[in-house]
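Here is the structure we will look at.
Number of protein chains: 2
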Amino acid sequence: MDDWLKDSDEVEASWLTVDLAIFTLRDDQLMMLLVERGLEPFRGKPAMPGGYVQKNETLREGALRELAEEAGIDGSRLHLEQLGTYADPGRDPRGRVVTVAYLALGPDLPDPVGGTDAERAFWAPVAHLEDGTLHLAFDHREILTEALEEVRRRLEYTAVAAAFCEEPFTLTELRTVYQVIWGQNLDPSNFRRKVLNTAGFVQPTGQQRLPPTGRPAALYRRGQAWLLSPPLLRATTSGRRD
Amino acid sequence: MDDWLKDSDEVEASWLTVDLAIFTLRDDQLMMLLVERGLEPFRGKPAMPGGYVQKNETLREGALRELAEEAGIDGSRLHLEQLGTYADPGRDPRGRVVTVAYLALGPDLPDPVGGTDAERAFWAPVAHLEDGTLHLAFDHREILTEALEEVRRRLEYTAVAAAFCEEPFTLTELRTVYQVIWGQNLDPSNFRRKVLNTAGFVQPTGQQRLPPTGRPAALYRRGQAWLLSPPLLRATTSGRRD
DNA sequence: TCAAAAGTGTTAACCTTACACCCATGG
DNA sequence: CCATGGGTGTAAGGTTAACACTTTTGA
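And the structure:
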């Protein structure tokens, strides 16, 4: 969200913004892309990248442009999905600003670089955001909460987990995605069976990769299926595993 | 707020609209609430109810107001949920109009009445909309398609089906909701077991109701659970109904 | 007594879970 | 040889699907 009303071409859409909840996995931690705001309001505060949608631009195009401008990330290969729209009067001190939140997941993404409206861009561990160590501008904390729950649920019934993996990937890497995001450990052998029995989830490449130590792991690519049936459900019994 | 346009009170939000995809069940058919537009563009064409969001109004409030104004329906007891936001340039001949689509489901709702901006309001069978018998204004056909898929999927993992039933309801009525919306028949006895074994889905009232003929059916109310675990999945084997 | 609708029981097939075990590699 | 992580096998327990069967009502 940048400056209020730059030139008249943008008046038409100048109360419409997009914000991006971009997640990646780094060092076995779920990370969220944040920028340090370069402009008021909330100057200097961390916020999700985002900004005004321009005339003759679709929401998706605006989201990709802001991602490039504020963090220097090319999102055209990310899986970008609408999360929700936030429009409560009062959510932005400047008046009614409507924001459409987008959700995207990617494999370990490049280090972001700051841009015009963002002093700097960085990856922040989601754990630090959830426990209140880090405060976000606007109502971005609320958006984060909904984004997280959405990601966790989509892991169950879509093949979205594979979007976190750099291709080609091993089944252990894919399993790690589930473990990190769900916060629970999964049995490797049962996980393997489920994934391989779900048609179209992953596609074997025939190649292998050597781990630091141990037997080589088979490599896979993303399959063509998006909806998983049956879904890969979390442990239902509320209990946390070790 | 600044003085940068006294009239901005209306300008500010005049390109933000809400549209409502309201579904109900009538005569064992899935019906959608439509209005005949009283104003240009698309005057005289059927469209989902909806309209401009006013200043100091949340999206939800705007949705409820439009529902009351255009169709005379009190939606405060419906389960109203955001579906998505549509903002492509060109989706509205007047320029960039952003619409937030809401999804709501209800038991057999009262006959709608026309209002100020709508000549008349009526229930249309979704089947007629899907097979192209009836054409909708704007991109409402696209919204309908997404709303339908969303409803079908939410039936699986939320207790939303109960929102279609007038309380108290029988398990057969609840099963009918699934059958009509999924277009497939379910085994009554297995359905009953699943529902009753899902904690918090329904709540027995202890009362009974006499069907036209046959044994009295136990009556239930909606339970407190929203997410179903495990979910009630559709038949996975691509099988079509008899 | 019959038809219709609600509700119960049963069994075979399937899937999940937990865990034992084997395999391939580098050191 | 050992340690480590990948991968296979298997038996117990649970869940599901299909369908036979019983119950309760009005006519």
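Line order of the protein sequences matches chains W and Y. Taking UniProt numbering, the leading residue of the first sequence gets 1, the next gets one more, and so forth. Taking UniProt numbering, the leading residue of the second sequence gets 1, the next gets one more, and so forth. Just so it is clear, CB atoms sit at the ideal spot from N, CA and C, and this is done for glycine as well. What you are looking at is a predicted structure, and each value in this text was computed from that prediction instead of being measured.
Asked	Found
At a cut of 8 Å, does the stretch 42-51 of chain Y reach the stretch 127-138 of chain Y through at least three beta carbon pairs?	yes
Taking a cut of 8 Å between CB atoms, which residues from the UniProt domain "Nudix hydrolase" (15-150) of chain Y lie near chain W?	TRP15, LEU16, VAL53, LYS55, ASN56, GLU57, THR58, LEU59, GLN82, GLY84, THR85, ALA87, ASP88, PRO89, GLY95, ARG96, VAL98, VAL100
At the level of alpha carbons, what is the spacing between LEU39 (chain Y) and ASP92 (chain Y)?	14 Å
Rounded to whole angstroms, what's the CA-CA distance from ALA235 (chain Y) to ASP187 (chain Y)? Just pull it up for me.	11 Å
From what residue to what residue does the alpha helix (DSSP H) around ALA104 (chain W) run?	No alpha helix (DSSP H) holds ALA104 (chain W); the beta strand (DSSP E) holding it covers 98-106.
Quick one: which residues of the stretch 221-233 of chain W get their C-beta closer than 8 Å to a C-beta of chain Y? List them in chain order.	SER229, PRO230, PRO231, LEU233
Taking residue 243 (chain W) as the reference, give the member of W:LEU30, W:TRP123, W:GLY106 with the closest Cα.	Because residue 243 (chain W) is not part of the residues shown, which for chain W are 1 to 242, the question remains open.
Do the stretch 145-153 of chain Y and the stretch 60-69 of chain Y touch if we need at least three Cβ pairs shorter than 8 Å?	no
In chain order, what residues of the same chain have a beta carbon less than 8 Å from the beta carbon of GLU81 (chain W), not counting five sequence neighbours either side?	TYR102, LEU103, ALA104
Look up HIS79 (chain W) in the DSSP assignment and give the residues it is bridged to.	W:LEU105
From the beta carbon of TYR178 (chain W), is the nearest beta carbon of chain Y less than 9 Å away?	no
Which value, in whole angstroms, describes the spacing of the CA atoms of ILE181 (chain W) and THR99 (chain Y)?	32 Å
Rounded to whole angstroms, what is the Cα-Cα separation between GLY183 (chain W) and LEU34 (chain Y)?	45 Å
Between the alpha carbons of GLU66 (chain W) and THR24 (chain Y), how many angstroms are there, rounded?	40 Å
By the three-class DSSP mapping on this structure, what secondary structure does GLN125 (chain W) have?	The question names Gln, but residue 125 (chain W) is Pro in the sequence shown. Three-state result, PRO125 (chain W): strand.
Rounded C-beta distance between GLN203 (chain W) and ARG221 (chain W)? I'm assuming under 8 Å.	5 Å
With 16 as the cutoff for other CB atoms within 10 Å, does ALA147 (chain Y) come out buried or exposed?	buried
Here's a check: name, in chain order, each residue in its chain whose Cβ is nearer than 7 Å to the Cβ of GLU156 (chain Y), leaving out the five neighbours to either side.	PRO231, LEU232, LEU233, ARG234
Out of curiosity, what's the CA-to-CA distance linking ALA127 (chain W) and GLY95 (chain Y)?	42 Å
Once you ignore the five residues that flank ASP108 (chain W) on each side, which residues in its own chain have a CB closer than 7 Å to its CB?	THR24, LEU25, ARG26, GLU166
Taking C-alpha atoms, which residue in Y:GLY72, Y:GLY114, Y:ASP117, Y:LEU144 lies nearest to PRO125 (chain Y)?	Y:LEU144
Please report how far the alpha carbon of ARG216 (chain W) lies from the alpha carbon of LEU30 (chain Y), in whole angstroms.	With the sequence shown as reference, residue 216 (chain W) is identified as Pro, and Arg is not the correct amino acid for it. Near 54 Å, if we compare the C-alpha coordinates of LEU30 (chain Y) and PRO216 (chain W).
Can you give me the Cβ contacts of ASP74 (chain W) inside the same chain, cut-off strictly under 7 Å, excluding the 5 residues immediately before and after it?	ALA68
How would you call LEU227 (chain W), buried or exposed, if buried means at least 16 neighbouring beta carbons within 10 angstroms?	exposed
For LEU20 (chain Y), which of Y:GLU173, Y:HIS79, Y:THR213, Y:LEU171 has the nearest alpha-carbon?	Y:HIS79
I'd like to know whether the C-beta atoms of PHE169 (chain Y) and LEU219 (chain Y) end up nearer to each other than 9 Å.	yes
Can the beta-carbon of LEU171 (chain Y) be found closer than 9 Å to that of ARG192 (chain Y)?	yes
Under 9 Å, do VAL18 (chain W) and GLY51 (chain W) count as touching if we go by C-beta distance?	yes
Taking 8 Å as the cut-off, is the beta-carbon of GLY51 (chain Y) closer than that to any non-hydrogen atom of the ligand GTP?	Only the bare structure without any ligand can be found here, which leaves the ligand GTP out of the picture.
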